[in-house]
Amino acid sequence: MKKVSNILDKVMKNLGLSKRYNEQKSILFWDEVVGQRISEKTKPLYAKNRKLVVEVENSAWMNELLFLKSEIIEKLNKKTGKWIIEDILFLLKREVL
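All residue numbers for the sequence shown refer to the working numbering, where the first residue is 2 and numbers rise by one.
Okay, structure coming up:
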């Protein structure tokens, strides 16, 4: 029996949406890939054109994530099963006054 994810992958590919679909999977896997400590301080916003945009709580965490960026990209791509994310853009969270 085929897995639903395999069927969905084929449907998305036939519709020409597989790249976009795979980019969005990187958002779904973010918490699992980076772990609880980092996921509590970050929020993936969107993925587009092979780039994942992530909001970061503060500059200290941004520096830590910049150091880990290559490792995170590799883990995300391994988890999605495809080389889909090439870069991660980290943005500082803006506080509303």
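Note that the Cβ used here is the ideal one computed from N, Cα and C, for glycine as well.
Secondary-structure assignment with DSSP links aspartate 10 through no beta bridge to anything. DSSP, reduced to helix, strand and coil, places isoleucine 74 within a helical segment of the structure shown. Secondary structure at lysine 79: helix, using DSSP grouped into helix, strand and coil. In the pairwise beta carbon analysis, the segment 56-64 is classified as not touching the segment 74-85: fewer than three pairs are separated by under 8 Å.
A residue is called buried when at least 16 other Cβ atoms come within 10 angstroms of its Cβ; glutamate 24 meets this threshold and is buried. For isoleucine 89, the uninterrupted beta strand (DSSP E) run begins and ends at 88-93, by DSSP.
Linking serine 71 to glutamate 65 through their CA atoms gives a straight-line distance of about 12 Å.
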